[in-house]
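Novice:
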Amino acid sequence: MYLDLGDLGFDRGGALLVKRALRLAGPAEAINVTGRSPDLAVHLRAWCRTEGNDFQWVGDSANGYAQILKGPAADQRWSGAERAGGADPRECTAVLDHPSQRWGLAGRGALVEAGSPEFHFSLDRKMEVWSDDATRMYAQAAAAQWDPTKAVPWDIEFDLPDEVEDAVVQIMTYLVENETAALVVPSRFVAQIHPHFREVMQVLAIQAADEARHIEVFTRRALLKRKELGLSTTGGQASLQTLVEEPNFAIASFLLSVLGEGTFLTLLWFLERVAPDPVTSAVCRLAAQDEARHVAFGMSHLREHIQCDPSIRETLLNAVRRRHDALRHTAGLNAEVFDALVLLAAGSWECADIGRGHGAVSDLNQEMHISRKKRLLKLGFSDADAEEMSFLHTRNFM
Amino acid sequence: MSQNTLVLGAVAYDPKVVTIWNGFQSYFDQRGLRFDYVLYTNYERQVEALVAGQIHVAWNSPLAWLQTERIAAKLALRAQAICMRDTDRDLVSVIVTREGSPIRSVSDLKGRRIAVGAKDSPQATLIPIYYLTQHGLEPNRDFEVLPFDLLVGKHGDHIGGERDAARALIRGECDAACLIDGNLLQFAQEGTLPAGSVRTIATTPLYDHCNFTVLDRAMVASVALFRELLLGMSYEDPDVRRLLDLEGLKRWLPGRTDGYKLLSNAVDHFGYLDDFVHAMRT
Chain A
57 MYLDLGDLGF DRGGALLVKR ALRLAGPAEA INVTGRSPDL AVHLRAWCRT
107 EGNDFQWVGD SANGYAQILK GPAADQRWSG AERAGGADPR ECTAVLDHPS
157 QRWGLAGRGA LVEAGSPEFH FSLDRKMEVW SDDATRMYAQ AAAAQWDPTK
207 AVPWDIEFDL PDEVEDAVVQ IMTYLVENET AALVVPSRFV AQIHPHFREV
257 MQVLAIQAAD EARHIEVFTR RALLKRKELG LSTTGGQASL QTLVEEPNFA
307 IASFLLSVLG EGTFLTLLWF LERVAPDPVT SAVCRLAAQD EARHVAFGMS
357 HLREHIQCDP SIRETLLNAV RRRHDALRHT AGLNAEVFDA LVLLAAGSWE
407 CADIGRGHGA VSDLNQEMHI SRKKRLLKLG FSDADAEEMS FLHTRNFM
Chain B
4 MSQNTLVLGA VAYDPKVVTI WNGFQSYFDQ RGLRFDYVLY TNYERQVEAL
54 VAGQIHVAWN SPLAWLQTER IAAKLALRAQ AICMRDTDRD LVSVIVTREG
104 SPIRSVSDLK GRRIAVGAKD SPQATLIPIY YLTQHGLEPN RDFEVLPFDL
154 LVGKHGDHIG GERDAARALI RGECDAACLI DGNLLQFAQE GTLPAGSVRT
204 IATTPLYDHC NFTVLDRAMV ASVALFRELL LGMSYEDPDV RRLLDLEGLK
254 RWLPGRTDGY KLLSNAVDHF GYLDDFVHAM RT
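Protein chains in written order, with the working numbering: chain A, 57 to 454; chain B, 4 to 285.
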């Protein structure tokens with residue numbers, strides 16, 4: 057085979073053409089390389105030596121050519137290489153039950169050189185993390201990303217009575233704290249998931265990004281008319297700590313997405329309805345739309361996990377009981393948040409309105425319970441277990 | 004040291020040397036060769052240790068090979084180069100100048116300043132300067148030498164001296180620079196020498212680089228097994244491949260010594276080894 061590099065030297069990419077020619081050459085077929093680059097012979101000799109190819113200069117230095125014979129090293133490098141599953145998750149052999157830790161960060165479906173270092177992703181079983189819905193959910197989430205600057209009518213004029221504004225600030229402070237937990241939990245697990253389960257990793261990553269935006273807009277709403285945030289209580293923090301420190305992915309995902317974010321979904325739609333101003337209403341609506349996806353993903357992958365291993369239900373039930381016991385002596389939802397919810401639902405300090413607001417918050421609690429129980433029943437829990445679990449869920453909502 | 008352990012000396016020109024030899028130690032151990040290694044900060048110390056019998060095999064630079072060979076001859080011993088990398092064979096050094104420079108040939112270097120590597124670097128100093136003497140130009144008489152004496156004692160193994168010489172050329176601090184061909188290619192690819200920035204005006208004849216050196220009194224059976232295991236290493240083996248990549252080869256080849264003639268002539272011309280060999284003899 058003959059290859060003329062013209063003026064192209066190895067300092068400007070000539071090696072690419074030589075490599076290609078060697079790939080195309082038949083076994084034991086030499087390629088003859090000519091060119092006008094002044095350093096071609098020097099570069100080619102050095103390059104061939106490094107790559108393990110045989111090099112010979114034929115003829116005199118000015119008018120000769122290089123004769124190159126491919127050495128075995130290029131093929132040897134890929135001997136024993138392994139295909140890391142398949143790229144398309146719809147193909148039944150694409151996503152493996154237990155991918156090799158040596159596939160490491162390689163994209164699923166890539167050809168992985170033998171001898172790659174062994175990684176230590178602790179969530180490396182398909183059963184533990186996978187959901188067939190992950191691809192669709194990630195695509196949906198990516199398409200639904202909103203810009204906090206543009207999606208919220210920050211410049212709209214409104215003026216609330218001081219105490220109502222205080223109530224909004226307190227609720228926003230509470231939401232920020234809870235959304236921070238909802239950011240930290242998937243972020244912790246995303247680093248533990250074997251990248252073979254790419255779609256799950258992406259869903260969790262975008263979930264964390266969603267929470268980052270929620271934190272931003274809730275903070276911004278709190279500071280819209282005030283210089284400081286409201287109160288953070290030990291009871292609230294203690295409840296969230298049990299979530300953040302839960303080491304088991306299935307349990308954490310269940311407590312956060314199914315029970316916590318599921319409950320929050322009801323809360324956010326409630327706030328969207330009773331919000332005293334359009335900004336509060338908008339931030340709650342935007343967050344609720346995202347949270348609905350988080351709940352759907354949690355439900356989806358837990359449903360598949362439970363299908364593979366029904367005994368996990370018992371583990372989840374016990375986790376709820378354990379968490380309840382751990383939080384038995386804490387206050388639950390802080391009184392300031394409760395009062396603020398009542399005031400927003402009431403809309404005024406009139407006795408009748410406060411009474412109605414209180415009723416609305418009681419209804420909210422009931423609505424949260426019904427939704428939680430419905431989700432638990434969908435996961436195959438018995439009516440009694442679902443009732444117990446929903447009842448034992450933290451009073452702090454998340 | 005254990006009587007049955009083959010001990011190799013290597014020069015620690017880079018931290019990766021530890022990774023390489025720990026890896027090879029494990030490879031040899033799994034195949035029945037008791038093996039250990041000692042690191043030296045310079046080749047002269049390593050040559051002394053080989054001659055003194057403190058090590059059995061030395062992973063030698065070409066200059067250290069000549070040092071060993073000459074001292075061995077004085078002591079009525081025989082030095083052997085038992086193995087080398089495929090990349091140790093058939094190297095050339097080049098003398099490059101900036102593109103656009105009026106220097107077109109070796110004779111144009113008269114009165115100019117030429118950057119070289121470490122003073123004990125065969126590839127970036129001794130061989131190219133000797134090449135110039137063969138074309139009628141003596142250093143410090145016909146041209147000025149601008150040395151980049153990085154890590155003397157490591158015989159130019161560290162790439163830093165040549166990279167500094169190349170940078171000096173680009174900055175216009177000298178008129179030409181001496182480099183080994185592999186580094187010329189690497190500097191072009193990494194951008195130290197931007198595309199089209201330099202022109203080669205001279206290329207030396209071919210020469211060889213490192214080898215594993217033994218003296219004939221060394222543990223014969225262990226040395227034979229060591230050589231056999233080296234030659235048997237396959238780039239196909241992922242565990243070995245990692246080490247071969249670090250050491251810069253695809254396969255080990257039997258040693259040969261005819262590729263050291265050019266360097267031998269160079270050190271003779273400069274009397275470069277005389278003091279060291281004399282000191283060892285006495």
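Glycine included, each C-beta is placed from N, C-alpha and C at the ideal position.
Can you list, in chain order, the residues of its chain with a C-beta nearer than 7 Å to that of Thr-22(B)? Leave out the 5 residues immediately preceding and following it.
Specialist: The answer, listed in chain order, is Leu-249.
Novice: May I have the straight-line CA-CA distance separating Lys-19(B) from Leu-246(B), to the nearest angstrom?
Specialist: So the alpha carbons of these two residues sit roughly 10 Å apart.
Novice: Are the beta-carbon atoms belonging to Ile-140(A) and Pro-155(A) less than 9 Å from one another?
Specialist: Checking the sequence, you will find Ala at residue 140(A) rather than Ile. Yes, they are a contact pair.
Novice: At 8 Å on the CB atoms, spell out the chain B contacts of Val-98(A), in chain order.
Specialist: Correct list: Val-95, Val-97, Asp-184, Leu-187, Leu-188, Thr-203, Thr-206.
Novice: Restricting to Cα atoms, I'd like to know which of Gln-123(A), Asp-116(A), Ala-137(A), Leu-80(A) is closest to Asp-240(B).
Specialist: Of the candidates Gln-123(A), Asp-116(A), Ala-137(A), Leu-80(A), the one whose C-alpha sits nearest the C-alpha of Asp-240(B) is Ala-137(A).
Novice: Would the segment 200 to 215 of chain B and the segment 64 to 73 of chain B be scored as touching if the rule is three or more Cβ pairs under 8 Å?
Specialist: The segment 200 to 215 of chain B vs the segment 64 to 73 of chain B: in contact.
Novice: Looking only at C-alpha atoms, which of Asn-390(A), His-414(A), Ala-387(A) sits nearest to Leu-399(A)?
Specialist: Of the candidates Asn-390(A), His-414(A), Ala-387(A), the one whose C-alpha sits nearest the C-alpha of Leu-399(A) is His-414(A).
Novice: Taking beta-carbon pairs under 9 Å, can you tell me which members of the segment 214 to 241 of chain B lie near chain A?
Specialist: Within the segment 214 to 241 of chain B, the residues whose Cβ lies closer than 9 Å to some Cβ of chain A are Ser-237, Tyr-238, Glu-239, Asp-240, Pro-241, listed in chain order.
Novice: Closer than 9 Å, CB to CB, is Asp-152(B) near chain A or not?
Specialist: No, its Cβ sits nowhere closer than 9 Å to a Cβ of chain A.
Novice: Note down, one range per segment and in chain order, each beta strand (DSSP E) of at least 3 residues found wholly within the segment 180 to 247 of chain A.
Specialist: Complete beta strand (DSSP E) runs here, min 3: none at all.
Novice: Which value, in whole angstroms, describes the spacing of the CA atoms of Leu-73(A) and Gly-185(B)?
Specialist: Rounded to the nearest angstrom, the two C-alpha atoms are 19 Å apart.
Novice: For Ala-268(A), which residues of its own chain have a beta-carbon under 7 Å away from its beta-carbon, when the five flanking residues on both sides are left out?
Specialist: These residues qualify, in order along the chain: Leu-239.
Novice: Can you tell me whether Thr-285(B) is buried or exposed? The criterion is at least 16 other CB atoms within 10 Å of its CB, across all chains shown.
Specialist: With a pLDDT of 45 at Thr-285(B), under the threshold of 50, the modelled position of that residue is not reliable, and no figure is offered here.
Novice: If distances are taken between C-alpha atoms only, which option among Arg-349(A), Thr-229(A), Met-355(A) comes closest to Thr-336(A)?
Specialist: Checked all of Arg-349(A), Thr-229(A), Met-355(A); the closest Cα to Thr-336(A) is Thr-229(A).
Novice: Are any of the Cβ atoms in chain B nearer than 9 Å to that of Trp-103(A)?
Specialist: Chain B, which has a Cβ nearer than 9 Å to the Cβ of Trp-103(A), makes this yes.
Novice: Could you tell me if Ser-404(A) is buried or exposed, where buried requires 16 or more neighbouring beta carbons within 10 angstroms of its beta carbon?
Specialist: Exposed: under 16 other Cβ atoms inside 10 Å.
Novice: Taking Arg-202(B) and Glu-102(B) to be in contact with their CB atoms under 8 Å, please state how far apart those CB atoms are, rounded to whole angstroms.
Specialist: Arg-202(B) to Glu-102(B), Cβ: 5 Å. Contact.
Novice: Among Asp-63(A), Arg-428(A), Arg-192(A), whose alpha-carbon lies nearest the alpha-carbon of Ser-313(A)?
Specialist: Out of Asp-63(A), Arg-428(A), Arg-192(A), Arg-428(A) has the C-alpha closest to the C-alpha of Ser-313(A).
Novice: Quick one: complete alpha helix (DSSP H) runs, 4+ long, within the segment 22 to 75 of chain B?
Specialist: DSSP runs (the alpha helix (DSSP H)) wholly in the segment 22 to 75 of chain B: 46 to 54.
Novice: If you draw a straight line from the alpha carbon of Glu-147(B) to that of Gln-28(B), how long is it in whole angstroms?
Specialist: Taking the straight line joining both Cα atoms gives about 45 Å.
Novice: Within a Cβ cutoff of 7 Å, which residues of the same chain sit near Asp-333(A), ignoring the five residues on either side of it in sequence?
Specialist: If we look at Asp-333(A) and ignore the five residues flanking it on each side, its Cβ neighbours are Phe-214, Leu-216.
Novice: Could you tell me how far apart the beta carbons of Arg-101(A) and Val-95(B) are, in whole angstroms, since I believe they sit closer than 8 Å?
Specialist: Yes, Arg-101(A) and Val-95(B) are in contact; Cβ-Cβ is about 7 Å, under 8 Å.
Novice: Within the continuous beta strand (DSSP E) that includes Glu-85(A), where are the two ends?
Specialist: Looking at the DSSP string, Glu-85(A) is not in any beta strand (DSSP E), and its letter there is neither H nor E.
Novice: Rounded to whole angstroms, what is the Cα-Cα separation between Asp-395(A) and Ala-223(A)?
Specialist: The straight-line gap from Cα to Cα measures roughly 8 Å.
Novice: Can you look up Thr-285(B) in the DSSP assignment and give me helix, strand or coil?
Specialist: Because Thr-285(B) carries a pLDDT of 45, less than 50, the predicted location of this residue cannot be relied on, and the following value inherits that uncertainty. In this structure, Thr-285(B) counts as coil in the three-state DSSP scheme.
Novice: Looking only at its own chain, which residues have a Cβ that is under 6 Å from the Cβ of Asn-452(A), when we skip the five neighbours before and after it?
Specialist: Cβ neighbours of Asn-452(A) beyond the five flanking positions: Gly-292, Ser-295, Gly-388, Leu-389.
Novice: At a CB-CB cut-off below 7 Å, which residues of chain A make contact with Thr-90(B)?
Specialist: The answer, in chain order, is Arg-105, Thr-106.
Novice: Measuring alpha carbon to alpha carbon, tell me which residue in Ala-198(A), Ala-375(A), Phe-320(A) is nearest Leu-231(A).
Specialist: Leu-231(A) has its Cα closest to that of Phe-320(A), out of Ala-198(A), Ala-375(A), Phe-320(A).
Novice: From the DSSP output, read off the bridge partner residues of Thr-100(B).
Specialist: Thr-100(B) pairs with Ala-179(B), Arg-202(B).
Novice: Using the beta-carbon of each residue, which ones in chain B are nearer than 8 Å to Phe-66(A)?
Specialist: What Phe-66(A) touches in chain B: Leu-188, Ala-191, Gln-192.
Novice: Alpha carbon to alpha carbon, how far is Gly-164(B) from Gly-199(B)?
Specialist: Rounded to whole angstroms, Gly-164(B) to Gly-199(B) spans 22 Å at the Cα level.
Novice: In or out: Ala-168(B) buried (at least 16 other Cβ within 10 Å) or exposed?
Specialist: The residue is buried, with at least 16 neighbouring Cβ atoms inside 10 Å.
Novice: Taking 8 Å as the threshold, find out whether the segment 157 to 173 of chain A comes into contact with the segment 240 to 255 of chain A through three or more Cβ pairs.
Specialist: Counting Cβ pairs under 8 Å, three or more are found: they touch.
Novice: Among all the DSSP beta bridges, which residues are the ones paired with Ile-249(A)?
Specialist: According to DSSP, which records beta bridges pairwise, Ile-249(A) is partnered with Leu-179(A).
Novice: By Cβ distance below 7 Å, which residues in the same chain neighbour Ser-243(A) in space, the five residues on each side in sequence not counted?
Specialist: For Ser-243(A), where only same-chain residues beyond five positions count, the Cβ hits under 7 Å are Ala-264.
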